[in-house]
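Peer 1: In terms of my numbering, the sequence shown is residues 1 to 121. My structure is below; once you've seen it, I'll send some questions.
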Amino acid sequence: MTHLFLFLGALLGGLAVALGAFGAHALKARLSPERLVTFETGVRYHFYHSLALLAVGLVQFNLPLAGNAALAGWLFLAGIALFSGSLYWLALGGPRWLGPVTPLGGLALIGGWIALVLVVA
């Protein structure tokens, strides 16, 4: 499982860069400025938490008995999917009912950081 979060962090980091480039080039002329900001916010949090997944993998590698590290990793993954995913979808014109999903993703991201703090404290 140690390498899983390193792999996913690297993979999702690359995806965040690709989505950022897509937003900056392909979507810039197609989205309103407000929707473009929403998309960019999704990319920013996606990228930050891809780095957090790499940190989880490194913690697991250095502290193999750190059980909460895996919890942090799963929460970061859920947060990326829910928070960034809902922002991407909303920016691209998805249904408005997705709006309440975004804060749930934010809570997952916060939970991931709390779990990581408990591992390294």
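Cβ coordinates follow ideal geometry from the N, Cα and C atoms, glycine included. These numbers were taken from a predicted model, which means no experiment stands behind them.
1) Between the Cα of tryptophan 113 and the Cα atoms of Ser50, Ala24, Gly99, Ala21, which residue gives the shortest distance?
2) On the CB-based measure, 16 or more other CB atoms within 10 Å of its CB, does histidine 46 come out buried or exposed?
3) Quick check on the burial criterion: 16 or more other C-beta atoms within 10 angstroms. Buried or exposed for glycine 14?
4) Tell whether a beta-carbon distance below 7 Å holds between phenylalanine 5 and glycine 79.
5) Is there contact here, the segment 20 to 34 with the segment 70 to 87, by at least three beta-carbon pairs under 8 Å?
6) Which one of Asn62, Gly99, Leu63, Leu54 has the shortest CA to CA distance from glycine 73?
7) Starting from the N-terminal side, write out each stretch of the alpha helix (DSSP H) that is 4 residues or longer and does not extend beyond the segment 44 to 92.
8) Buried or exposed: where does asparagine 62 fall if 16 or more other Cβ atoms within 10 Å of its Cβ makes it buried?
9) If I measure Cβ to Cβ from glycine 16 and keep anything under 7 Å in the same chain, skipping five residues before and after, which residues do I get?
10) Relative to the C-alpha of arginine 35, which residue among Val117, Gly105, Gly93, Leu118 is closest?
11) Tell me the rounded alpha-carbon separation between alanine 10 and valine 117.
Peer 2: For this structure:
1) One-based indexing of the sequence shown puts residue 113 at position 113. The option with the nearest alpha carbon to tryptophan 113 is Ser50.
2) As a first step, residue 46 is located in the sequence shown; it is residue number 46 there, counting from the start. Burial call: buried.
3) To locate residue 14, count along the sequence shown from 1; it is residue 14. Burial call: exposed.
4) As a first step, residue 5 must be located in the sequence shown, where it is residue number 5. As a first step, residue 79 must be located in the sequence shown, where it is residue number 79. No, these two residues do not count as a Cβ contact at 7 Å.
5) no
6) Translated into the one-based positions of the sequence shown, residue 73 becomes position 73. Comparing Cα positions, the closest option is Leu54.
7) 67 to 79, 85 to 91
8) Residue 62 sits at position 62 when you count from the first residue of the sequence shown. By the neighbour-count rule (16 or more Cβ atoms within 10 Å), asparagine 62 is not buried but exposed.
9) Counted from its first residue, the sequence shown places residue 16 at position 16. For clarity, residue 16 is alanine in the given sequence; the question names glycine instead. The residues are Val43, His46, Phe47, Ser50.
10) Looking up residue 35 in the sequence shown gives position 35. Residue Gly93 is the option with its Cα nearest to arginine 35.
11) In the sequence shown, the residue the question calls residue 10 occupies position 10. In the sequence shown, the residue the question calls residue 117 occupies position 117. The alpha-carbon atoms of alanine 10 and valine 117 are separated by roughly 22 Å.
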